[in-house]
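Trainee: If you scroll down you'll find the structure; I have some questions about it.
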Amino acid sequence: MIRIDAMWLSVEPVDMRAGPERLLARVVQVFGVAHAHHGYLFANARGTRVKLLMHDGFGLWCASRRLNTGRFVWPVAGGVTPSWTLTQAQFDALVRGLPWQRLHELSAITRA
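Below, the structure is given as structure tokens:
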């Protein structure tokens, strides 16, 4: 089991041909440092693919996911925040293609 203490999402799209070294350079550029046991998520410009880079204290792990239909719900680049912090529930929803940014408001029914 790989331990991930914090999950970060990069808003700017990334070329999905990027390997672990290039993604690591992007992490350092965007976040300043790659912390051990932190995960860093990147998406392509169309929002159909994501890559997760994780530093486990000894080396790098890189995983990718592609949606056959639809797109991942991703923040729009060009805003004030170049990155977001995700909870475990938000990460789980994001990789399934669900509206992870609205989990709190979707967790309770307010109208019948």
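If you use my numbering, the sequence shown closes out at 109, no skipped numbers anywhere.
All C-beta atoms in this analysis are idealised placements derived from N, C-alpha and C, irrespective of residue type, glycine included.
Note that the coordinates shown come from a computational prediction; the quantities given were computed from them, not determined experimentally.
To the nearest angstrom, how far is the alpha carbon of Leu91 from that of Arg19?
Mentor: Taking the CA atoms as reference points, Leu91 sits about 23 Å from Arg19.
Trainee: When the Cα of Arg93 is compared with those of Val30, Leu83, Val70, which residue comes out closest?
Mentor: Val70
Trainee: Is it the case that the Cβ atoms of Gly29 and Met51 are separated by a distance below 8 Å?
Mentor: no
Trainee: What did DSSP end up calling Leu21 once you bin it into helix, strand or coil?
Mentor: helix
Trainee: Below 8 Å on the Cβ atoms is my contact criterion, and I expect Leu64 with Leu38 to pass it. Report the Cβ-Cβ distance as a whole number of Å.
Mentor: That pair is no contact at about 14 Å.
Trainee: Sort Ala33, Leu21, Val25, Pro10 by Cα distance to Gly54 and report the nearest one.
Mentor: Ala33
Trainee: Find the nearest neighbour of Phe88 within the set Lys48, Met13, Gly67, Val27, judged by alpha-carbon distance.
Mentor: Lys48
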